[in-house]
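*Asks:*
Numbering (the working numbering), first residue to last: 368 to 760.
This is how it looks when you write it as structure tokens:
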């Protein structure tokens with residue numbers, strides 16, 4: 368063993384993404400198992416032979432480049448297991464001061480390692496390195512589960528699965544997690560949502576998505592400072608990837624228009640988000656704590672009339688919406704897309720009832736309340752104005 372070999376191990380550790388200490392430990396364990404196998408003993412993974420055979424220790428000193436392979440035996444009065452024990456009389460031939468119960472180390476000549484043993488050590492080391500790599504990748508990406516990361520397309524197989532290189536790990540993006548209108552090719556850089564990180568016998572399994580709602584939420588946060596700062600909040604998202612999405616937003620600042628903030632000057636912000644999602648259309652709507660008002664907003668651009676809410680026996684929420692004939696198709700949308708997204712966004716199953724004319728009692732009450740509030744505010748301002756003159760008299 369020489370220092371150059373130890374340096375080579377350190378280089379391999381760097382390339383595999385493991386520490387030099389981990390690699391040395393794996394190397395020592397590989398030699399130990401190789402020696403036991405050469406002696407005819409199975410490793411600890413073979414349960415019927417577990418615990419049998421000599422106690423072997425391997426020590427590699429990375430500073431000096433020295434390697435020690437030792438058999439360890441306990442000193443006893445009467446030997447029962449020759450592989451692990453040595454009698455006191457024999458032990459004192461090596462060390463006159465040794466006593467019962469102590470352990471003695473006996474160096475093993477490296478020449479006792481056959482070519483087969485070295486090959487076994489190589490196989491064991493390779494396996495241990497793979498396991499260490501898998502553990503490190505799993506630990507690194509487990510903390511990133513639920514986040515958006517940037518990767519590069521490594522390959523696309525004949526089943527349509529896309530494999531995305533994320534640095535040390537390779538992630539799978541199956542067809543159902545892809546944007547249908549996008550085409551993927553090797554070398555393409557993508558933002559993906561890390562949906563799941565699992566361990567398997569073949570290593571860590573990373574599942575990523577371009578179709579998940581959280582990818583849209585992330586892009587909005589990146590493009591809209593008001594969302595990043597918490598002034599505007601994204602309350603709900605409904606997506607049909609690559610085609611259309613609806614996003615419900617609200618503002619925590621009465622002076623900030625949440626819809627305008629998301630759309631941006633001349634639509635620049637929302638256009639940037641749409642471009643990242645393969646030109647997916649993104650509708651921004653006003654969220655409301657009033658379910659009827661929320662459903663009304665979610666069905667835009669259609670104008671609807673009275674809304675009746677009910678809860679079915681199975682616990683599902685249902686909304687019956689009155690809509691004029693000329694607004695019916697618009698409310699449903701192309702292939703039912705508008706009502707599907709509105710239903711998903713609000714959590715209500717939406718049924719339409721067509722009418723010649725719509726009289727929206729809810730909207731009328733809301734409008735009257737707004738007028739009354741405005742009138743009270745105006746009267747209050749007038750009273751304050753008049754009081755200034757009264758005080759001055």
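Positions of the beta carbon are idealized from the N, C-alpha and C atoms, including for glycine. Predicted model, so just to flag it, every value in this text is computed and none were measured.
Would you give the residue range spanned by the beta strand (DSSP E) that residue 650 belongs to?
*Replies:* Segment 648–653, the beta strand (DSSP E) holding residue 650.
*Asks:* Is residue 715 closer than 7 Å to residue 684 when the C-beta atoms are compared?
*Replies:* Cβ atoms of residue 684 and residue 715: closer than 7 Å.
*Asks:* Less than 7 Å between the beta carbons of residue 395 and residue 427, yes or no?
*Replies:* Yes, these two residues count as a Cβ contact at 7 Å.
*Asks:* Is it a yes or a no for the region 611–620 touching the region 591–603, going by three-plus beta-carbon pairs under 8 Å?
*Replies:* Output reads yes: the region 591–603 touches the region 611–620.
*Asks:* Examine the Cβ distances between the region 621–628 and the region 576–588 and report whether three or more of them are shorter than 8 Å.
*Replies:* Cβ pair count under 8 Å is below three, so no.
*Asks:* Quick one: is residue 518 buried, meaning 16 or more other Cβ sit within 10 Å of its Cβ, or exposed?
*Replies:* Flag for residue 518 reads buried.
*Asks:* Tell me residue 524's beta-bridge partners as DSSP assigns them.
*Replies:* BP columns for residue 524 are empty, so no partner.
*Asks:* What whole-angstrom Cβ distance do residue 444 and residue 421 have, given they're in contact under 8 Å?
*Replies:* Actually they do not touch by this definition, with Cβ atoms about 20 Å apart.
*Asks:* Might you give, ordered along the chain, the residues of its own chain that have their beta carbon closer than 7 Å to the beta carbon of residue 655, omitting 5 neighbours on each side?
*Replies:* Answer for residue 655: 661, 664, listed in chain order.
*Asks:* For the ligand NAP, I want to know if residue 706 counts as a neighbour, meaning its beta carbon is within less than 6 Å of at least one of the ligand's heavy atoms.
*Replies:* Questions concerning the ligand NAP fall outside what the structure shown contains, since it holds no ligand whatsoever.
*Asks:* Near residue 595, what residues of its chain come up, given a Cβ to Cβ distance below 6 Å and the 5 sequence neighbours on each side ignored?
*Replies:* 588, listed in sequence order.
*Asks:* For residue 558, which option in 671, 547, 573, 516 has the closest C-alpha, if you only look at C-alpha atoms?
*Replies:* Of the candidates 671, 547, 573, 516, the one whose C-alpha sits nearest the C-alpha of residue 558 is 516.
*Asks:* Tell me which same chain residues have a C-beta within less than 6 Å of the C-beta of residue 377, skipping the five on either side of it?
*Replies:* 387, listed in sequence order.
*Asks:* Rounded to whole angstroms, what is the Cα-Cα separation between residue 680 and residue 498?
*Replies:* Those two C-alpha atoms are separated by around 52 Å.
*Asks:* To the nearest angstrom, how far is the alpha carbon of residue 542 from that of residue 551?
*Replies:* So the two alpha carbons sit approximately 11 Å from each other.
*Asks:* For a quick check, are the C-beta atoms of residue 690 and residue 698 less than 7 Å apart?
*Replies:* For residue 690 and residue 698, yes; Cβs fall inside 7 Å.
*Asks:* Report yes if the CB atom of residue 545 is closer than 7 Å to the CB atom of residue 577, and no otherwise.
*Replies:* Yes; because the gap between Cβ atoms is below 7 Å, this pair is in contact.
*Asks:* Thinking residue 644 and residue 583 are a contact (beta carbons under 8 Å), I'd like their distance in whole angstroms, please.
*Replies:* Residue 644 to residue 583, Cβ: 7 Å. Contact.
*Asks:* Could you check how far apart the C-beta atoms of residue 553 and residue 520 are, in whole angstroms? I think they sit under 8 Å.
*Replies:* About 5 Å; that satisfies the 8 Å criterion.
*Asks:* Taking DSSP's pairing of strands, which residues face residue 476 in a bridge?
*Replies:* Residue 476 is not bridged to any residue.
*Asks:* So, helix, strand or coil for residue 679, using DSSP?
*Replies:* DSSP places residue 679 in coil when its eight states are reduced to three.
*Asks:* Suppose you measure from the CA of residue 436 to the CA of residue 397; what does that come to, to the nearest Å?
*Replies:* Whole-angstrom Cα-Cα distance: 12 Å.
*Asks:* By DSSP's criteria, residue 560 is part of a beta bridge. Which residues make up the other side?
*Replies:* Paired residue(s): 515, 576.
*Asks:* According to DSSP, is residue 627 helix, strand or coil?
*Replies:* Here residue 627 sits in helix by DSSP.
*Asks:* Mapping the DSSP letters down to three states, classify residue 416 as helix, strand or coil.
*Replies:* With a pLDDT of 47 at residue 416, under the threshold of 50, the modelled position of that residue is not reliable, and no figure is offered here.
*Asks:* Using CA coordinates, which residue listed in 712, 563, 573 is at the minimum distance from residue 659?
*Replies:* Among 712, 563, 573, the Cα nearest to that of residue 659 belongs to 712.
*Asks:* Would you mind reading off the limits of the alpha helix (DSSP H) that contains residue 546?
*Replies:* Unbroken run through residue 546: none, as it is neither H nor E.
*Asks:* Are the beta-carbon atoms of residue 465 and residue 442 separated by less than 7 Å?
*Replies:* A contact, by the Cβ cut-off of 7 Å.
*Asks:* Apart from the five residues just before and just after residue 450, which ones in its own chain have a Cβ nearer than 7 Å to its Cβ?
*Replies:* These residues qualify, in order along the chain: 420, 421.
*Asks:* In chain order, what residues of the same chain lie with their CB nearer than 7 Å to the CB of residue 695, ignoring the 5 residues before and after it?
*Replies:* Contacts found: 719, 721.
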